[in-house]
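Here is the structure we will look at.
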Amino acid sequence: MNFKTHVIGGISTGVIANEFLIQHTSSGDTATQMLMSSIFVAGSVIGSILPDIDHRGSYLGRRMRIVSTPLTVAGEVTKQVKKVTNTVTGKKGSTSTIISHRGITHTPLLLMGVVAFLLFISRTFMTGMATDLFSYMSIGLGFGIASHIFLDCLTKGGAPLLYPLTSKKFSFLPLTTGGFLEGVVGLVIIVGTLLFLGSRHVFTIPFI
Numbered sequence: 177m178n179f180k181t182h183v184i185g186g187i188s189t190g191v192i193a194n195e196f197l198i199q200h201t202s203s204g205d206t207a208t209q210m211l212m213s214s215i216f217v218a219g220s221v222i223g224s225i226l227p228d229i230d231h232r233g234s235y236l237g238r239r240m241r242i243v244s245t246p247l248t249v250a251g252e253v254t255k256q257v258k259k260v261t262n263t264v265t266g267k268k269g270s271t272s273t274i275i276s277h278r279g280i281t282h283t284p285l286l287l288m289g290v291v292a293f294l295l296f297i298s299r300t301f302m303t304g305m306a307t308d309l310f311s312y313m314s315i316g317l318g319f320g321i322a323s324h325i326f327l328d329c330l331t332k333g334g335a336p337l338l339y340p341l342t343s344k345k346f347s348f349l350p351l352t353t354g355g356f357l358e359g360v361v362g363l364v365i366i367v368g369t370l371l372f373l374g375s376r377h378v379f380t381i382p383f384i
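Residue numbers (our numbering): 177 to 384.
Below you can see the structure in the form of structure tokens.
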């Protein structure tokens, strides 16, 4: 999926998760809850584009070359090594590796590790309101990363959901990144999110 679709997914995931996880659990006045909700959704949006830091050509990769360039180079080197190895051994198959694009940064394992680390930081080195804000942002970040991985699983390339058990990339739909159907997916997400919010705050939909 491209940048715009991932951002749409991140906003949608953050808004919907916020309805269940933040507004019903956070304490304080309305202003405080609004701040917490905003931090949560912002974290989700950031998380929705974070996994593509492994690609120099991505929106985030172009703005963080210091991180994306080493990851991209490492990915290309490992792909070439695997390609040579496959040629020598006569093995057929993909030359992508766990360091390549849609590799380790697109795994639930890394998602859980990042969120756990950030929550540890917030609980260990922060106090008061800062702890709550950073914790909500961290959880939102996790939801955003999850939305990114899920959306990429709707494309032909897929994502390595079960790494390190297997590096196989799982693809649920044969969508092409940047294709017409990706635009349809983005539209469905927007409409679905608006219907969800409408059912919660404006009107009633029996099945939501």
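Note that CB positions come from ideal geometry on N, CA and C, so glycine has one too. For clarity, every value in this text was computed on a predicted model and none was experimentally measured.
- Remark: C-beta atoms of threonine 273 and glycine 266 do not approach each other more closely than 8 Å.
- Cβ contact annotation for serine 314 (same chain, cutoff 7 Å, sequence separation greater than five): Gly219, Val291, Leu294, Leu295, Ser298, in chain order.
- As the crow flies, the alpha-carbon of lysine 332 is around 46 Å from that of aspartate 205.
- Assigned with DSSP and collapsed to three states, leucine 226 falls in helix.
- Shortest Cα-Cα distance from glutamine 209 to any of Gly251, Ala250, Leu309 involves Leu309.
- Burial state of leucine 330 is buried, judged by a 10 Å Cβ sphere holding 16 or more other Cβ atoms.
- Here phenylalanine 196 carries a helix assignment [DSSP, helix/strand/coil].
- Taking the Cα positions, phenylalanine 216 is about 38 Å away from serine 270.
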